[in-house]
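Residue numbers (the working numbering): 5 to 201.
C-beta atoms are modelled at their ideal positions from N, C-alpha and C, and glycine is treated no differently.
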Amino acid sequence: MTPCEALALWPKGDAWHGGGLFRDAQTIFLNHRPDSAAPHPAHVPPKQVRVIDNPQAHGENEPIYTMRLDRDGWRLDQQWQVSWNGHPIYFRTEQPDIRTRRQPRGRCQLRMVRSITGFHYRETFTVETLSGTCILELPPDAWANWDRRGRLVVLHEGKVLVGREAVAGRSFELRELVDLNDRRPEALISPAWARKW
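So, in structure tokens, the structure goes:
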């Protein structure tokens, strides 16, 4: 087995903004400001790949996460409105971001509601009919999306669940695909050279 190797790499010295998004097979939107958009010399992208940096890069997840949602078919139904209130309130959602994604080849849609209180970001998911009637409310700490075949995939409490329509367009059943709770990363002691700056 051969280890994975980066085809392109952009070093990042902090946790602000960063990341990237494939717009198509030849274009990468890099969520780095121009002054931090130089690739690593050993991992320069191929010449045919166009890289677009982001002069307005800010925060931790945005705008890259919203761009990914848009790209992947999440329709914006209500624009997010957030206010900054300083210490001790910080961020407060005035109006949540609401998005829906239609089930591929199906009769349902997923509804995602995004909000932030203080520094606590939250996404909640429900399965709905195309007219907006809720047929399955997922736990508040679950994540969900449709796979390419149109199956509902839910991550919750260390388990991967899949859902299917039980009654056409009126109810959904979840079943466990795999429980990953017994899988833990192996504790490794870092070598001495890696413990010094």
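Note on the segment 118-149: whole beta strand (DSSP E) runs with a minimum of 3 residues are 124-133, 138-141, in chain order.
R75: member of the alpha helix (DSSP H) spanning 68-75, first to last residue. In the DSSP annotation of this structure, the continuous segment of the beta strand (DSSP E) that includes A170 starts and ends at 163-171.
Here the C-alpha atom of V166 lies approximately 6 Å from the C-alpha atom of L181. In the displayed model, D151 falls within coil according to three-state DSSP, outside both helix and strand. Rounded to whole angstroms, R168 and Q82 show a C-alpha spacing of 27 Å. One Cα belongs to D18, the other to V157, and the distance between them is close to 32 Å. Straight-line spacing of the CA atoms in P189 and H160 works out to 19 Å. Under the criterion of beta carbons closer than 8 Å, W150 and P108 qualify as touching, at roughly 6 Å. Membership of D183 in the beta strand (DSSP E) is indicated by the continuous run 175-183. By the criterion of a C-beta distance shorter than 8 Å, P38 is surrounded in its chain by D57, P59, once the five residues flanking it on both sides are discounted. For R27, the secondary structure class from DSSP, reduced to helix, strand or coil, is strand. In the structure shown, S40 falls within a helical segment according to DSSP collapsed to helix, strand and coil.
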